[in-house]
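As C-alpha cells, the structure follows; a few thoughts come after it.
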Amino acid sequence: MLSRTLLLFICVVLCCVSVHAAQPSNQNASPQKKANESDMPAQHVRFHAWGGSAQVNGYIRWLSEQLKQRHNITLQHVKLADTSDAVARVLAEKAAGNVEEGSVDLIWINGENFATMKKHGLLAAKWVGQLPNFALTNPDDNPAMTMDFGEATMGMEAPWGRASMVFYMRQSHLQKLQVNAPTNIQQLLSFSQQAPGRFTYPAPNDYLGASFLKYALLSLNPKQHTLFYQPVTPQALDDTLPSLWQFLDALHPNMWREGRTVVRQASQLQRLVGTGELSLAFTFTAAEIPSAVERFDLPTDIRTYAMDDGSLANVHFIGLTFNSPNRQAAIKVVNFMLSAEAQAEKQKISVWGDDTVLDMRMLTGKQQRLFKEPALHPSALDKTLPISLLAEPHASWTDALRNAWYERYGARY
Amino acid sequence: MDHKSTVLRGQTLSQVLSLQHLTIHKGGERLLQIHTEVPAQSVLTIMGPSGCGKTTLLNAISGQLSAPFVMQGDICINGRSVVAIPPHKRKVGIMFQDALLFEHMSVKENIAFAIPPERYRSKKAQSIAIDRLLENVSLSGFGDRSIDALSGGQQARISLLRTLAAEPDVVLLDEPFSKLDASLRAQIRQWTFDEIKRRDIPAVLVTHDKEDAQAADGEVIEIMPC
Amino acid sequence: MFTRLTVFTRLLLFLLLLMPVSVGFIGVIFPSFGYFPALDRHDFSFDIFKKLFAVDGLGRMVWLSLFTGIGSTLLATLCTFLLLAACYKSSFLNKVQAMLSPLLVLPHAATAIALLFVLSPSGLFARLIGSITSTTIPSANAAFFPYDDWGISVLCALVLKEVPFILLMALSVMAQPSNVRKLAGYQRVGVSLGYNEKSTFFKLMLPSIYAQIRLPILAVLVFATSNVEIPLILAANNPGTLSTAILHWFNHVDLSMRLLGSAASILQVFVCVFAILFFITIERGVALWGRNRLHAGKRNFFERSIAFLGTSVLAVYAVLIAMVVYVVVMYSFATYWPFPHLLPQGFTLLHWQTALSAIDEPFWNAVALAFATSTSSVVFVLLTLESEVLAPAKQKVARLFSLSLFLPLLVPGVAFLYGLVWFQQLLSTHALGFHTYIAHMVYVVPYVYLSLAVSYRRFEPRYAYVAQSLGKSPFQVFWHIKLPMLTNAVCVSWALGMAISFSQYLPTLLASGGAIPTVTTEAVASVSGSSERLTAVYAILQGVMPFMGFVIAWTLPAMIRFARTRKRNRFSQKVMRYGP
C-alpha cells in the first residue's frame, strides 16, 4: 500500500518535471536582464540558424563552448529547416504586440529574408557600427559589408561569412558517359543534352535555386549587366527574361526527373549526388564538399570548380531582433563571431570552410597567420585559380525572377 | 472462533433481512415482486429458470442494480432501510458461482483484505486469526499459497472464509455450489450453512438444485417463468 | 469523493479532446474569411476562397490527396482481410501479430524514409537489379519510385503503415469476449453447412467484424488523405498533395499566405468529408454485391487465390522489413558505398557519433514529452473509464463522448493545428513545453483510451462486486483490485502512448515553434539534409525508441509481480520466525 502510494507520488513528480524539462531552456522573465558588465550572471542567447549542415552545426557548437568559457554566455543554436520559419515567428510576435520578450535573439539571414525583416521593422537598428570587431571588415573599402543584395544594411545586420557559387561533378560518371564538365552556361545545356537526367537545380524558393536562376540570367545577358544592379522594372524583365526561358525550356526535359519534380532544398541536391542519382550539382559552400567527402557523404571522385562565365558571390549576415530580451549578450556574441580567432576557425576546411569577411589588411601579423591552410583536398576548390565573381543583383530581382518562374513552370509545393 | 464475534458489535438483536414489496422492472415490464422476511440463521431459497431475475434480485439487495433494471419497494436490514446506502456500505456479502479470488494476492491476503480495519491489534494477530480460520476448513498452511495453484473446492472454501471475514449482516449466495463436484458439494454447503447459523445472520440462496433448497431448510420462493 | 474525482476527470478529458480541435478550427475559419487583425484585415469576405480556387493546380492537389487517401485505405483494408482470411485459424496469427506490431508504432516519417532507402533509384532494390544488369550509374529518369506523378509512392507508404493498424484493430475486436463466442459459433456453423474457411470468413465473420472497426478505418482514411510527412518525403511537387501545399502556405514569409492556408485547411476538411462519403458508398456497394452473392450459396469463395494473396501480403511485408533493416543498418555504419554494390566498402562509427553528439537534447525532449503525455493520459483515461462504471452517463452524453474521442483523429491535423498554435500564443508565449504537451495529448489520449477501454470493459465486474460486498469503497476497489489486475493492459497502453508521442511531427514543430526538437523532427529535417547516412541513423533511432517503450511495458508487470511476491514471502517469514 505504502509502496504503491510512493510510486504514484514519484510518477506525479516525474510528470511535472518532464513537462518542465521539455521547455526550451530559456525562460527569460524580465527586464532585470539589463544588468551591467561587472555582475554578469550566466546569460542565454538564442541563435536561430539553418541546421541542415553538420559542419555549420559543429562550428556553432564550438562558438557556444568558447562563449561559455570566455563570457559565460550560453549560445543556444535553434536549428531551422528554413530561415523564413524564424522570420515568420518574429513577424507573428510583432503582430501579437510582443516587443520585449521575443523568442528569437540572433538570426542568420541575408537577401530577401533581410529585406522582409527590414521592411517590417523586425531588426534592431544601428548596433553593428558599435561592434569593436566590425572595423576589421574594413567596411569603407568593402561595400559588400554594408549592402545585402542591393539593400543597405543600416547597421541592422553584421556580416558573418562569404560565399560564391561553385559547381561540383562526379568524375567517374562523366568519364563513363564520355562528356566533359561544362564550364559555362551554354556548355551546361549541351551537357544535359548529351547526358540527360544527370543535373537539376532546386526550386527558386530555395536560396540556391534562386541563385542558379540569377547566374543563368546574368550569364545569358552579358550586355545588360547594368540593368541588374538597379531595381527591377517590367521593361528590364521583358528585355532579359526571354533568353532565360529559352534556355530553361531547353534544359528542363533533360534534367533529373525531366524537371517535373524539383528538389525543395539545396541540401537534397548534395544528397542526390552522394547517392549517384546526379552527376553534376552546385553549391555556395565550396568547403562543404571536401568535408562531405571526408564524412563519406560524397564519393571520392568529386571535383569542384568554378564556371568560367562567373560565380555569383555574396555575404551572409547575422541580424539582431528588435524584441530580443538579451540584447547586450547577443551583441557580445556577434562581436566574438567577428573576431580573428572565430573567423579563422570558421574558414578551416576541417571545420566549415566558409570564407571570412575580415579584411586581411586590417589584421596583425599574428592574426593573419591564424588563417593559413594546410594542403589542398582533391575534392576541394582550388583557390589559387582565378575566379571571376558576379555580384548579387538588386534584391528586387530575386522576387521578380522567382514569381516569373513559378508563373511559367507551376507552383511547387 | 467464537460466538462473541456477534456480541462484540454491541448488538444483542439478530439481523433480519426484510424485503418489503420489492418489485423489479425492466423496460416497463414487471420482472418480479417479492415481499418476505428472512430471520437470522435462516436461508431464503429462490428458485426458477434462467433469465428470470434471480440474479437481478440479488443485485438489488446488494446495491448493484443498474440500467435497464429499476427497483421499487424497500429493503431493510434489521429495521434500517438500505436502499439509499451505497453498495460498499451495506454490509451485504456475496458469493458467486466462481470463487473470484484475487489472483494478485495470496490466500492470506485475500482474506485479510476482507477483514474490517482495526479488527485486530496487530498484523501478527491478524495473521494468526487467519491461520485459525484456514484450519477450521481443513486448509491449514495454505496461507501463503497463490490462487492459481488451488483446486475448485479449495477456492470455494477460501471464498467462503473471505465473504464471512468481512462480518456482513446478510449473505447472498448466487449458485455458489453449482461448479463443485458432487462429493465436495454437500460438505461445503454444510459448512456454509453452519457458518451462517453460527454468525446469526440471514442469507438468500439462488439455486437450480433441489438438494440445495432442502439443505437450506428455509422458505423457498419460486419465480414464475416470464 | 472518488466518484466525483472520476466524473471531473471525464469532463476534463472531454474538454481536452474537444477544445483544442474546436479552438484550432476557429483559428483557421476566421482568417479564411479574411479576418486577421494581425495583418490589418478586418472584413469578412469570400475573396480568400476565390483566390484559393484560382490557384493553379488545385484540382490536381485535391485529386492526389483523394487518390492516395482513399486508394491506400481501400487497399490496406483489402490486404488486411486477405491476411486475416488466410490465417485466422492458425496459430501463425500470433506470429503475424508480433511481426506487425512494431510497424504500428514506427512513426510515419520513418516509414517513408525506410521506403526511400529500399525503393529509390539508388536504393537496395535498384542495387540488386543493378548488380544483375551491371549498371553503375543509378538513373532517376528510368525509375518510377519515388516522386511519381500518380502518387503511387505515397500510396505504398500509406498502405504499409495502415495494414498493421487495421489488422490489430480487427484482432482486438475479434478477441473481445462478446465476439469470441459469436464468431467461433459462426465459424462452426459455416463449416457444418459446407462452406470452406475463406468463405466462412468473408461471408459470415467479416460483416460483424467490419461494423466494429469501421470508425478506426475512417480515422485511418482521414489521416491518409490529410497526412503531411509522407507526401513531403515521397510525393512529386508539381504539385503535391493539398496538405503539403497548406504547410507551404503557412510557412511562407509572406504572411498573407496564411489566409490562403487557412482557406485551404477548410477545403482539406471538405476533402476528408468527401473521402469518407466516397468510402462509405463503396462500402455500401460492396455490401450490396456481397448480399446478392450470399443468396447464391457458392461454397468456394476464391479459396486458393485468397490464400495465395494473403500469404503474399505477408511475404511482401517480411521481405520489405528485412530489406529495410538491412539497408538502414548498413548505411548507418557505411563509409563509401558505390552503386551497385550490395555491401559498403567499409564501416565506421562516425555517423553514429555525429548523430549521438547532436541527439542529446532531441532525445531527452522526446522522452520527457512522451513520459508526461503517456503517464498523464493513462491516469486520466483510467479515471474516466472508472467514472463510466461508477457514474454512467446518459446514452446521448456517452455517445457524444465517444465522438469527441475520435475528433482529433477525424479532423486533419493540418487543418486545426495552426489555429491551435495561434490561440496558444495568445495565451502565453513562454509556456512552449505546456503547449507542446497539449498538442501531443490531443493525439495520445484517443489511442490510450481505445487501448485501455478494451481491457477495462473485459474486466470481470464481479470482482468489483465482491470487493464492494467486503466493504471496500470505490477508491479501494480501484486501487487494490482493478489496477493490479489490469497491470498488463495499463503498461501496454502506456507504451502505446509513448510511441504515439514519439512519432508526432507537425504538433511538435508547430506548438513549440521549432524550439523543442525531438528525434522525429530531427529525422524529418535530416531527410532534406545532405547526409543519407545520418538519416539512416535517425531512422533507426526513430524505430528503436517506441520499441524500448514496449520492452519496458512487457517487463514491468513481471517486475511488479516479482516485487509483490518477495514482499509477501518476507512478511510470512517474519511471522514464522517470531511465532504465534
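Residue numbers (my numbering), protein chains in the order written: chain A, 1195 to 1607; chain B, 218 to 443; chain C, 932 to 1511. Every residue gets a Cβ at the ideal spot worked out from N, C-alpha and C, and that includes glycine. Because the structure is a prediction, the values reported are computed rather than measured.
- Close partners of C/Thr1486 in chain A (Cβ separation under 7 Å) are lacking, with about 16 Å as the shortest Cβ gap.
- Taking all protein chains shown into account, C/Asp974 has fewer than 16 neighbouring C-beta atoms within 10 Å of its C-beta and is therefore exposed.
- Interface with chain A (8 Å Cβ-Cβ cutoff): C/Gln1356 is included.
- Taking 8 Å as the cut-off, the beta carbon of C/Leu1186 is found no closer than this to the beta carbon of C/Val1085.
- Counting C-beta pairs closer than 8 Å gives three or more between the segment 1281 to 1296 of chain C and the segment 1458 to 1477 of chain C, which meets the contact rule.
- Secondary structure of C/His1371 (DSSP, three-state): helix.
- The Cβ neighbour count for C/Ser996, taken over all protein chains shown within 10 Å, is at least 16; the residue is labelled buried.
- Per DSSP, the continuous beta strand (DSSP E) segment holding A/Phe1361 begins and ends at 1360 to 1364.
- With contacts defined by Cβ atoms closer than 8 Å, C/Gly958 and C/Gly1444 do not form a contacting pair.
- By the C-beta density criterion, C/Val1204 is exposed, having fewer than 16 other C-beta atoms within 10 angstroms.
- The alpha carbon of A/His1446 has as its nearest neighbour, out of A/Met1531, A/Gln1387, A/Ile1483, the alpha carbon of A/Gln1387.
- Closest option to C/Arg1388, judged by alpha-carbon separation, among C/Ala1249, C/Arg1112, C/Pro1108, C/Leu1047: C/Pro1108.
- Judged by DSSP secondary structure, C/Thr1279 falls outside any beta strand (DSSP E); it is assigned neither H nor E.
- Within 10 angstroms of the beta-carbon of A/Pro1519 lie 16 or more other beta-carbons, which makes it buried.
- The beta-carbon distance between C/Ser1139 and C/Lys1113, rounded to whole angstroms, is 7 Å. This is short enough to meet the 8 Å contact definition.
- Classified as buried, A/Pro1493 has 16 or more neighbouring CB atoms from the shown chains inside 10 Å of its CB.
- At a cut-off of 8 Å between beta carbons, B/Ile251 makes no contact with chain C.
- Distances from the CA of B/Gly270 to each of B/Asp434, B/Val423, B/Glu335 were compared; the closest alpha carbon is that of B/Val423.
- The straight-line gap separating the alpha-carbon atoms of C/Lys1325 and B/Pro334 is approximately 36 Å.
- The beta-carbon of A/Asn1251 is placed less than 8 Å from the nearest beta-carbon of chain C.
- The alpha carbon of A/Ser1544 has as its nearest neighbour, out of A/His1571, A/Ala1534, A/Gln1562, A/Thr1331, the alpha carbon of A/His1571.
- A/Trp1546 is not a Cβ neighbour of A/Val1322, given a cutoff of 8 Å.
- Contact between the segment 1404 to 1424 of chain A and the segment 1526 to 1534 of chain A is absent, with fewer than three C-beta pairs closer than 8 Å.
- Contact note: B/Pro393 does not reach chain C at a C-beta cutoff of 8 Å; the least C-beta distance is about 12 Å.
- Between B/Leu378 and B/Leu350 a beta carbon distance of about 5 Å is seen, short of the 8 Å cut, so the two are scored as contacting.
- Relative to A/Ile1267, the option among A/Ser1258, A/Trp1599, A/Gly1470 whose CA is nearest is A/Ser1258.
- By a beta-carbon distance limit of 8 Å, C/Leu1472 does not contact C/Thr1367. Their separation comes to about 19 Å.
- When Cβ-Cβ separations below 8 Å define contact, C/Ser1318 makes no contact with chain B.
- When secondary structure is reduced to three states using DSSP, B/Gln250 falls in the strand class.
- Bounds of the alpha helix (DSSP H) holding C/Thr1242 are 1234 to 1264.
- Within chain C, the C-beta atoms nearer than 8 Å to that of A/His1367 come from Ile1068, in chain order.
- Residues of chain C with a Cβ closer than 7 Å to the Cβ of B/Val309 are, in chain order, Ser1400.
- Taking the Cα positions, C/Phe1264 is about 5 Å away from C/Phe1278.
- With the criterion set as a beta carbon lying under 9 Å from some beta carbon of chain A, the members of the segment 1454 to 1487 of chain C are Val1455, Ala1456, Ser1457, Val1458, Ser1459, Gly1460, Ser1461, Ser1462, Glu1463, Arg1464, Leu1465, Thr1466, in sequence order.
- A/Asp1491 is a Cβ neighbour of C/Ser1462, given a cutoff of 8 Å.
- Residue environment: C/Val1482 is assigned as exposed (fewer than 16 neighbouring CB atoms within 10 Å of its CB, all protein chains considered).
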